[in-house]
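Participant: The structure that follows is given in the form of structure tokens.
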Amino acid sequence: EDQVTQSPEALRLQEGESSSLNCSYTVSGLRGLFWYRQDPGKGPEFLFTLYSAGEEKEKERLKATLTKKESFLHITAPKPEDSATYLCAVQEGKDSSYKLIFGSGTRLLVRP
Amino acid sequence: DTGVSQNPRHKITKRGQNVTFRCDPISEHNRLYWYRQTLGQGPEFLTYFQNEAQLEKSRLLSDRFSAERPKGSFSTLEIQRTEQGDSAMYLCASYPSVFGPGTRLTVL
């Protein structure tokens, strides 16, 4: 069964303190791995899609990387406005629906 | 606005009542998805449409739930005889990575 596990569940950082969030996955052939940001009471906001091991993508202070078993979301010099829940999701390669299977997320709090 | 819209944004209902939510996807996207998200969890897949055809349903979608997408445009999700366990955020997504703002359902 396809599974996505995110760690840590919660992370508190001081402003400027860089760190990484982990997403481990088990899937029968990965079509794509997605990262989202979600603010309280809102829908997930798309950040990145990664398709193959070794791929990296960056956006402002965020950088996502992918291996055959996990993905990391690196946050460099975070600011308080980066506080949110970060969700990871996978698409299984043989699934014709292209639906996403999500992890439970990492709640990030960045203190000024 | 070219994003996904959902209405209403919030719905409070009493147990046993029926509720209906609407999703307007991005117009050129023929795939539409419904997910449910409870507090502290990631979204869970409920059902998927390609144009007007409902092609997959999750086991989470009990007989009290029904979804439609007439003419392959907007979609509705109806929950009959609501239960307290139905309280959640209901999310709609357009092909498959663009999510709407969600409808927060509270069943009293």
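Order-wise, the sequence lines are chains A and B.
The numbering of the first sequence is my numbering, which starts it at 949 and goes up by one.
The numbering of the second sequence is my numbering, which starts it at 746 and goes up by one.
Where is the CB? At the ideal position from N, CA and C, for every residue including glycine.
1. Run down chain B in chain order and give the residues with a C-beta less than 9 Å from the C-beta of residue 1041 (chain A).
2. Across which residues does DSSP place residue 858 (chain B) in a beta bridge pair?
3. Counting along the chain, where does the beta strand (DSSP E) carrying residue 980 (chain A) start and finish?
4. Inspect the beta-carbon positions of residue 853 (chain B) and residue 759 (chain B) and report whether they are closer than 9 Å.
5. Rounded to whole angstroms, what is the Cα-Cα separation between residue 833 (chain B) and residue 782 (chain B)?
6. Which one of A:1002, A:962, A:1011 and A:1000 has the shortest CA to CA distance from residue 1034 (chain A)?
7. Excluding the 5 residues preceding and the 5 following residue 953 (chain A) in the sequence, name in chain order all residues of the same chain whose CB lies nearer than 7 Å to its CB.
8. Between which two residues does the beta strand (DSSP E) carrying residue 954 (chain A) extend?
9. Label residue 985 (chain A) either buried or exposed according to how many other C-beta atoms from any shown protein chain fall within 10 Å of its C-beta, with 16 as the threshold for buried.
10. Can the beta-carbon of residue 767 (chain B) be found closer than 9 Å to that of residue 794 (chain B)?
11. DSSP beta-bridge partners for residue 997 (chain A)?
12. Under the three-state reduction of DSSP, which class applies to residue 965 (chain A): helix, strand or coil?
13. Quick one: list the residues of chain B neighbouring residue 967 (chain A), beta-carbon separation under 8 Å, in chain order.
14. Of the residues that make up the region 826-843 of chain B, which ones have a beta carbon closer than 9 Å to any beta carbon in chain A?
Facilitator: Let me spell this out:
1. Position 93 of the first sequence holds residue 1041 (chain A). None at all; the shortest Cβ gap to chain B is about 14 Å.
2. Past the edges of chain B, shown from 746 to 853, lies residue 858 (chain B), and the structure says nothing about it.
3. Here residue 980 (chain A) refers to the residue found at position 32 when the first sequence is read from its first residue. Note, residue 980 (chain A): beta strand (DSSP E), 978-986.
4. Your numbering for residue 853 (chain B) matches position 108 in the second sequence. Your numbering for residue 759 (chain B) matches position 14 in the second sequence. Cβ atoms of residue 853 (chain B) and residue 759 (chain B): closer than 9 Å.
5. The sequence position of residue 833 (chain B) within the second sequence is 88, counting from 1. The sequence position of residue 782 (chain B) within the second sequence is 37, counting from 1. Straight-line Cα distance between these residues: approximately 6 Å.
6. Looking up residue 1034 (chain A) in the first sequence gives position 86. Looking at the Cα atoms, A:1011 is the closest of the given residues.
7. Working through the first sequence from its first residue, we reach residue 953 (chain A) at position 5. Closer than 7 Å at Cβ, skipping near neighbours: 972 and 1051.
8. By 1-based counting over the first sequence, the position of residue 954 (chain A) is 6. Taken as a continuous stretch (DSSP letters only), the beta strand (DSSP E) holding residue 954 (chain A) covers 951-955.
9. Working through the first sequence from its first residue, we reach residue 985 (chain A) at position 37. It is buried - the Cβ of residue 985 (chain A) has at least 16 other Cβ atoms within 10 Å.
10. Here residue 767 (chain B) refers to the residue found at position 22 of the second sequence. Here residue 794 (chain B) refers to the residue found at position 49 of the second sequence. No.
11. Counting from 1 along the first sequence, the entry for residue 997 (chain A) is found at position 49. A:982, per the DSSP bridge assignment.
12. Here residue 965 (chain A) corresponds to residue number 17 of the first sequence, with the count starting at 1. The three-state secondary structure of residue 965 (chain A), taken from DSSP, is coil.
13. Along the first sequence, read from residue 1 onward, the residue named residue 967 (chain A) stands at position 19. Near residue 967 (chain A) there are no residues of chain B at all, since even the closest Cβ is about 20 Å away, more than 8 Å.
14. When CB distances to chain A are screened at a threshold of 9 Å, the residues of the region 826-843 of chain B falling below it are 834, 836, 837, 838, 840, 841, 842 and 843, in chain order.
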